[in-house]
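K.L.:
Protein chains: 2
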Amino acid sequence: MLGNFMYCNPTKLYFGEDSLAGLNEELPKYGQNVQLVYGGGSIKKNGIYDKVMEILKANGKNVFEDAGVMPNPTVHKLYEGCKIAREAKADLILAVGGGSVCDYAKAVSVSAYCTEDPWEKYYLQMKDVDNEIIPVGCVLTMVGTGSEMNGGAVITNHEQKLKIGHVFDERVYPKFSILNPVYTYTLPRYQMVAGIYDIMNHITEQYFSGEDDNTSDYLMEGLLRSLIHSSRIAVKNPTDYEARSNIMWIATWALNTLVAKGKSTDWMVHMLGQAVAAHTDATHGMTLAAVSMAYYRFVCPFGLEKFKRFAMNVWDVNPEGKSDEQVAVEGLQKMEAYMEDLGLTMHLKELGVTEEMLPGIVESTLVMDGGYKVPDKDEIREILKNSL
Amino acid sequence: MLGNFMYCNPTKLYFGEDSLAGLNEELPKYGQNVQLVYGGGSIKKNGIYDKVMEILKANGKNVFEDAGVMPNPTVHKLYEGCKIAREAKADLILAVGGGSVCDYAKAVSVSAYCTEDPWEKYYLQMKDVDNEIIPVGCVLTMVGTGSEMNGGAVITNHEQKLKIGHVFDERVYPKFSILNPVYTYTLPRYQMVAGIYDIMNHITEQYFSGEDDNTSDYLMEGLLRSLIHSSRIAVKNPTDYEARSNIMWIATWALNTLVAKGKSTDWMVHMLGQAVAAHTDATHGMTLAAVSMAYYRFVCPFGLEKFKRFAMNVWDVNPEGKSDEQVAVEGLQKMEAYMEDLGLTMHLKELGVTEEMLPGIVESTLVMDGGYKVPDKDEIREILKNSL
């Protein structure tokens with residue numbers, strides 16, 4: 010039910026092939042010192058780095074580089090970024106990359122002037138931000154996380170075997186994001202399909218909750234249908250602008266708070282996947298894919314009506330002459346076939362997980378209570394075992 | 010196709026039964042002088058006026074009343090509102106009412122300090138705003154127009170027989186809007202269903218354009234399905250919170266620029282309806298309803314694929330064994346039956362239009378070129394004749 014809530018999403022988006030020009034609109038709004046955050050250097054190979062630097066220079070900015078953000082940004086890297094931000098007196102943090110780079114930029118933006126240990130305060134204790142926040146802007150080169158238009162920032166602590174996401178309030182949302190579908194063309198297939206599944210799972214995590222009649226569910230069915238359609242085109246032809254642009258746009262709207270309105274939201278697939286990543290450092294979307302079918306088959310009987318609706322409205326399962334269970338199961342089979350076609354990782358073993366690692370992963374799994382069934386430790390172990 | 014565009018919607022929404030409390034968060038951000046804009050006084054009968062005044066007083070505001078905003082706000086009323094705003098030195102214009110009241114508030118906000126004639130500058134010449142803009146906040150009591158989260162402001166000039174909407178940029182969007190579904194319970198049935206059809210038509214005006222594969226179309230199909238479902242409940246039980254809250258939320262997202270992304274958009278039903286209103290002063294949603302079926306039957310052959318998709322994805326028409334034309338026509342029949350069930354005005358005669366008035370209405374109809382067929386004057390006359 011759409012109960013009491015506040016909606017506010019102030020991020021300004023520049024979308025399309027010419028969207029990098031939006032930087033010229035935005036940069037004059039900030040001071041001279043820009044902390045340029047990026048990952049392993051692929052932006053240097055594909056030319057995006059040069060284009061961004063040219064615009065930064067043309068706008069008279071002092072650039073402070075903060076490279077090497079890893080796919081699962083670590084707490085050590087976060088401390089390093091905070092130091093750069095303070096020393097540079099950064100007026101703007103410009104993230105050029107995918108969700109990890111955007112997440113990291115937001116984590117630095119709230120942590121640089123945090124007087125306590127930010128991992129302790131913002132991740133273990135999940136406190137609200139009460140210190141100075143450095144503005145963040147994003148140039149997106151990968152899609153999936155929705156980080157370009159939300160307050161999410163996931164950080165991994167390998168020593169503690171924890172990967173935790175804090176969803177910060179709208180003061181921490183990127184002030185602007187540049188979304189150019191063409192920048193996603195050169196992404197390796199593995200990362201592309203992992204990102205597509207991350208999007209799908211963001212939607213299903215929110216969809217599979219509640220038993221009410223809610224407009225958010227109808228919006229999510231639309232997003233899912235469009236995603237399934239466009240992703241099938243994109244895997245065949247990665248430079249299909251229309252497909253890639255739809256996927257980019259869906260990613261943003263899948264996780265910018267809109268479709269969560271009125272939903273308790275589940276997020277257990279993410280909790281399982283993040284626990285796997287804390288033990289393997291595997292690609293985020295693939296950790297989700299590997300545990301999804303086992304999780305959804307576990308939870309399906311507890312949310313049968315919704316899984317039936319999912320089968321009919323998203324996967325066009327014809328319900329005639331079938332029981333609710335049969336319809337629901339057929340929907341999950343269609344989803345599984347789609348995932349296999351996409352080339353997703355369907356088993357944890359492919360990510361290096363062994364049976365011996367399961368107890369540790371179970372311990373690292375945070376339990377959320379918004380879905381159709383709150384799993385206990387035995388059930389989590391069983392789901393992970395069925396995912397091997 | 011999702012080409013180059015900018016998306017930015019800064020309006021903060023407070024939604025739900027307790028949302029009026031959001032005023033206490035917002036009022037301290039503005040100066041002391043508040044211009045309180047409302048309509049014919051229904052807010053005094055249902056108690057909303059007293060509740061709003063209490064909060065304004067508790068926040069130490071000087072209230073300058075600007076009542077009597079009519080369903081189709083006139084250019085004369087606009088001049089009056091500008092005078093009140095200047096004399097009051099209004100720091101905030103607070104609109105309490107439906108779309109007309111919100112539209113009017115935005116028109117005053119850009120016109121109060123306009124040194125030229127605002128009707129001439131912002132409506133006939135459609136110029137950009139280059140003068141001071143007074144911030145606007147809204148407390149919504151009727152749903153339909155989406156005015157609570159966009160830059161639209163329709164003004165009527167009876168002398169010139171013109172009703173024109175200017176869509177202003179995001180500086181003119183309401184800074185905040187209070188959306189309490191309970192406030193819509195007491196609305197007379199006629200206004201309720203007119204508002205519901207206004208929402209539906211906002212979506213179809215955008216949906217029936219383009220032949221590409223666009224995520225916006227999928228989102229609109231979701232909004233339409235949810236609207237059809239909830240409106241059928243609301244007409245039977247106007248105090249069903251779930252249905253009314255979904256309708257309120259759909260209204261906002263139907264016309265806050267999101268689903269227009271990548272669409273050329275049609276808007277000819279609105280142009281026809283606004284021409285009818287300029288000659289009759291009839292209720293907006295009913296003018297749209299009365300011309301819709303004739304218009305869509307006219308344009309259907311030019312956008313057959315989309316009308317077929319509409320029939321299947323929105324109205325669940327089974328296409329098996331049918332031609333594309335048959336599927337499309339069946340979809341429109343289902344839409345017509347739904348409209349009749351809702352109790353909408355299906356003929357212009359019911360709004361006081363006579364055959365003799367048609368040439369004048371044809372002259373008042375602005376022609377847009379984003380739909381599947383740009384109608385010429387003869388076609389417009391034919392559509393209006395078929396709507397009688």
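Here the protein sequences come in this chain order: P and H.
With this note's numbering applied, the first sequence covers 10 to 397.
With this note's numbering applied, the second sequence covers 10 to 397.
Glycine included, C-beta positions come from ideal geometry on N, C-alpha and C.
(1) If contact means a Cβ-Cβ distance below 9 Å, which residues of the stretch 10-23 of chain H contact chain P?
(2) How would you list, in chain order, the residues of chain P whose beta-carbon sits under 7 Å from the beta-carbon of tryptophan 324 (chain H)?
(3) Nearest chain H C-beta to tyrosine 227 (chain P) closer than 8 Å, yes or no?
(4) Three or more C-beta pairs under 8 Å: does that hold for the stretch 286-303 of chain P against the stretch 313-327 of chain P?
(5) Thinking just about the alpha-carbon of each residue, which of P:Gly155, P:Glu359, P:Val338 is nearest to the one in valine 268 (chain P)?
(6) Counting only C-beta atoms, is tryptophan 276 (chain H) closer than 8 Å to chain P at any point?
(7) Which residue from H:Leu188, H:Ile392, H:Ser240, H:Val43 puts its Cα closest to that of glycine 12 (chain P)?
(8) Can you tell me which of the three DSSP states alanine 291 (chain P) falls into?
(9) If we call anything under 8 Å between Cβ atoms a contact, is valine 105 (chain H) one with valine 46 (chain H)?
(10) Under 8 Å: do the stretch 358-366 of chain H and the stretch 331-350 of chain H share three or more Cβ pairs, one atom per stretch?
(11) For the stretch 230-249 of chain P, list every residue whose C-beta sits within 9 Å of some C-beta in chain H, in sequence order.
(12) Listed from N- to C-terminal order along the chain, which residues in the stretch 362-380 of chain H have their beta-carbon within a distance smaller than 7 Å of any beta-carbon of chain P?
(13) So, under 8 Å CB-CB, leucine 313 (chain H) and leucine 357 (chain H) are touching, yes? Tell me the CB distance rounded to an integer number of Å.
(14) Within the same chain, show all residues whose beta-carbon is closer than 6 Å to that of phenylalanine 24 (chain P), passing over the 5 residues directly before and after it, in chain order.
(15) Closest Cβ-Cβ distance between aspartate 139 (chain P) and chain H: below 8 Å?
(16) Could you check if aspartate 112 (chain P) is buried or exposed, using at least 16 other CB atoms within 10 Å of its CB as the buried criterion?
(17) Which of helix, strand or coil does DSSP assign to cysteine 111 (chain H)?
(18) Alpha carbon to alpha carbon, how far is isoleucine 173 (chain P) from tyrosine 131 (chain H)? Give it in angstroms, no decimals.
(19) Thinking asparagine 159 (chain P) and leucine 22 (chain P) are a contact (beta carbons under 8 Å), I'd like their distance in whole angstroms, please.
(20) Among H:Glu345, H:Glu168, H:Lys317, H:Tyr347, which has the Cα closest to the Cα of glutamine 335 (chain H)?
(21) Let me make sure I understand the geometry here. Which of P:Val371, P:Phe177, P:Lys394 has the alpha-carbon closest to that of aspartate 385 (chain P)?
(22) Assign valine 43 (chain P) to one of three DSSP states: helix, strand, or coil.
(23) Three-state secondary structure (DSSP) at histidine 356 (chain H)?
(24) In three-state terms, what does DSSP make of asparagine 166 (chain P)?
(25) Cβ of valine 145 (chain P) within 8 Å of Cβ of arginine 180 (chain P)?
(26) Let's test the definition: count the other Cβ atoms within 10 Å of the Cβ of arginine 253 (chain H) and tell me whether it reaches 16, buried, or not, exposed.
(27) Note the first and the last residue of the continuous beta strand (DSSP E) segment covering tyrosine 16 (chain H).
(28) Contact defined as beta carbons within less than 8 Å: I believe valine 84 (chain P) pairs with asparagine 166 (chain P). What is the distance between those atoms, to the nearest angstrom?
(29) Show which residues of chain H have a CB atom less than 7 Å away from the CB atom of glycine 330 (chain P).
(30) Determine which residues share a DSSP beta bridge with leucine 22 (chain H) and list them.
(31) What does isoleucine 259 (chain H) reach in chain P if we use C-beta pairs closer than 8 Å?
(32) Among H:His279, H:Lys331, H:Asn140, H:Gly49, which has the Cα closest to the Cα of glutamate 214 (chain H)?
(33) Counting C-beta neighbours from all protein chains within 10 Å, is the total for threonine 124 (chain H) 16 or more, i.e. buried, or is it exposed?
(34) Roughly how many whole angstroms lie between the Cα atoms of alanine 287 (chain H) and aspartate 207 (chain P)?
(35) I need the DSSP call for phenylalanine 316 (chain H), collapsed to helix, strand or coil.
(36) I'd like the span of the alpha helix (DSSP H) that includes glycine 231 (chain P), first residue to last.
P.N.:
Let me lay it out:
(1) Met10, Leu11, Gly12, Asn13, Phe14, Met15, Tyr16, Cys17, Asn18, Pro19, Thr20, Lys21, Leu22, Tyr23
(2) Ordered by position in chain P, no residue passes the 7 Å Cβ test against tryptophan 324 (chain H), which lies about 14 Å from the chain.
(3) yes
(4) no
(5) P:Gly155
(6) no
(7) H:Leu188
(8) coil
(9) yes
(10) no
(11) Glu230, Gly231, Leu232, Leu233, Arg234, Ser235, Leu236, His238, Ser239, Ile242
(12) none
(13) 26 Å between Cβ atoms; not a contact.
(14) Leu188
(15) no
(16) buried
(17) helix
(18) 51 Å
(19) Actually they are not in contact, since the Cβ atoms of asparagine 159 (chain P) and leucine 22 (chain P) sit about 12 Å apart, beyond 8 Å.
(20) H:Lys317
(21) P:Val371
(22) strand
(23) coil
(24) strand
(25) no
(26) buried
(27) 14-16
(28) 5 Å
(29) None at all; the shortest Cβ gap to chain H is about 16 Å.
(30) P:Tyr16, H:Ser186
(31) Thr224
(32) H:His279
(33) exposed
(34) 51 Å
(35) helix
(36) 224-245
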